[in-house]
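Asks:
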Amino acid sequence: MWQIITNNWGAFLTGFWNTILCSTIALVFSLILGVFFALLEVAPPKFGRVIAKIYIAIFRNIPLLVIVMIFYLIVPRYIVKLSGFQAGTIGLTLYTSAFIAETVRAGINSIGEGQMEGARSNGMTYVQAMRYIILPQAMKIVIPPLGNQFVNLVKNSSVLAFVAGFDLMYQAQLIAFSTFQTIDTYIIVGLFYLILTLPLSYYMRHLEKKLAK
Amino acid sequence: MTAIIEFKHVDKYYGKLHALKDINLKIDEGQVVSIIGPSGSGKSTLIRTMNGLEPINSGQLIVTGHDLADKKTDINKIRKNVGMVFQHFNLYNNHTVLENVMLAPKIVLKRPDDENRKIAMQYLERVGMADKINSYPRQLSGGQQQRVAIARSLAMDPKVILFDEPTSALDPEMIEDVLEVMRYVAEQGITMVVVTHEMGFARKVSNRLIFFDQGHILEDRDPGEFFDHPNTERARQFLSKIISKD
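So the sequences go chain by chain: A and B.
Residue numbering for the first sequence follows UniProt numbering, starting at 1 and increasing by one per position.
Residue numbering for the second sequence follows UniProt numbering, starting at 1 and increasing by one per position.
(1) Expressed to the nearest angstrom, what Euclidean distance is found between the alpha-carbon atoms of leucine 53 of chain B and glycine 91 of chain A?
(2) Return the residue from the list A/Asn122, A/Ile187, A/Ser158 that minimises the CA-CA distance to glycine 15 of chain A.
(3) Only counting the same chain, and skipping five residues up and downstream in sequence, which positions put a Cβ closer than 8 Å to that of valine 101 of chain B?
(4) Would you kindly report the start and end of the unbroken beta strand (DSSP E) that includes isoleucine 217 of chain B?
(5) Tell me the DSSP secondary structure of valine 127 of chain B in three-state form.
(6) Measuring straight from C-alpha to C-alpha, what distance separates glycine 114 of chain A and proline 55 of chain B?
(7) Could you tell me which residues DSSP puts in a beta bridge with alanine 3 of chain B?
(8) Among A/Lys209, A/Pro145, A/Thr89, which has the Cα closest to the Cα of isoleucine 20 of chain A?
(9) Kindly give me the distance between the Cβ atoms of isoleucine 67 of chain A and tyrosine 95 of chain A, rounded to whole angstroms, as I take these residues to be in contact under 8 Å.
(10) Could you tell me which whole beta strand (DSSP E) segments of length 3 or greater appear in the stretch 133 to 188 of chain B?
(11) Beta strand (DSSP E) containing methionine 192 of chain B: first to last residue?
(12) List the residues of chain A that glycine 83 of chain B touches, going by C-beta distances under 8 Å, in chain order.
(13) Closer than 7 Å, Cβ to Cβ, to anything on chain A: give me those residues from the stretch 140 to 167 of chain B, in chain order.
(14) Give me the residue from A/Phe166, A/Lys155, A/Glu208 with the minimum Cα distance to leucine 194 of chain A.
(15) Tell me the DSSP secondary structure of histidine 206 of chain A in three-state form.
(16) Chain A partners of leucine 103 of chain B, CB-CB under 7 Å?
(17) Mind checking whether leucine 209 of chain B and arginine 221 of chain B have CB atoms under 8 Å apart?
(18) Less than 8 Å between C-beta atoms, sequence neighbours within five positions excluded: which residues of the same chain meet that for proline 158 of chain B?
(19) Contact between the stretch 17 to 24 of chain B and the stretch 183 to 194 of chain A is defined here as three or more beta-carbon pairs at a separation below 8 Å; is this criterion met?
Right, here's the structure in full:
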């Protein structure tokens, strides 16, 4: 097993790096998009609510692989050229953002109506009330389920393997194919994913405890 | 006297339920008005329309010179002058006592920090909460939270404060502390509208009493006269139930 690592060190490292890169980009942007659509879904204007509902319904209910394939095969043909890595990262971002939107929306809804009424009666605008009162409380509640989404996101980045995204899973397929050491290779790749997901889970739990104080 | 709140033929529906029926009411500056009546009569709805928490369906509702029914009215501008104290306090759970009082003056009135802190401390001292400024709402009793909520309203320097059953969620021994603070507010000349079950407060502190039932104002009188000689049968029944409880 050790030999597989030493012989393919470069490939593993490239894959590891691309998985980190894809996950980081997708995490940041899915969080931004998720919070944005959650806010749109709870805001008074009906138009925004409908848009958010449609967005969430689409990206939450189609398999991740299909979304990625749309960006890999269809979008480049008609709109803009995308590499496998780009298509995969965009697909993963949109897919995850729909789940984050639902998580954050549930968090916002769990904050009692009284907090908003208190803030509005105190003269704050809707946006001020959201920013200073509702969202800070909602985000605190949402940290544990958000941690789940983030860990899922890192694991789901393996979808890049299907579109030549040069991530860990893609490299694993190549190595397994060339060495015939399928089991060992995938065990090694599993360990690489653990290097990412365990600290992430730990950090989210740490954040949860810190904010609970 | 100029009217600071004026209802002209106001109607309010919840679906098919006719909650406010053709309300006509004028409240002058500096008045302390108690609204009493059976539960479900619409008195909470009535007070919640006064700062736009509940929209009205028809009629005119003019508060501090602006018509709430007019879509062009900036509701936030009115709310700067109209505070509200709730049955369940609604303090900001993610902020300390001091922050609760200082937040709106800071971001809404853009009051400078030094002055803001001074005013906040002054009111917190007045309501007897100066030693709890770094506590969070969940660490306080109901009575303490309500006194902070009143300080939070006062810090905005409002013309009117609406009280929606401010003592109904409190333990009996806490009620007097809150009523004491409310008497202080009344002495400041701030217009008060108080939905309450505290007949002592309604009688002694307020200078006007409204008996509300089934979406109507049944009586609108001097509190002493009302309690001694209610005009309507409905008010007599209501009072007899309350007094037999004591």
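Note that the Cβ used here is the ideal one computed from N, Cα and C, for glycine as well.
Replies: Here's the rundown:
(1) 42 Å
(2) A/Ser158
(3) Ala120, Tyr123, Leu124, Val148, Ala151, Arg152, Ala155
(4) 216 to 221
(5) coil
(6) Distance between the alpha carbons of glycine 114 of chain A and proline 55 of chain B is about 17 Å.
(7) B/Asp28
(8) Of the candidates A/Lys209, A/Pro145, A/Thr89, the residue whose Cα lies closest to the Cα of isoleucine 20 of chain A is A/Thr89.
(9) 5 Å
(10) Within the stretch 133 to 188 of chain B, the complete beta strand (DSSP E) runs of at least 3 residues are 160 to 164.
(11) 191 to 195 is the span of the beta strand (DSSP E), which, as asked, contains methionine 192 of chain B.
(12) Ser121, Asn122
(13) Here the close residues are Arg152, Met156.
(14) For leucine 194 of chain A, the nearest C-alpha among the options comes from A/Lys155.
(15) helix
(16) Tyr132
(17) yes
(18) Lys80, Asn81, Val82, Gly83, Ile190
(19) no
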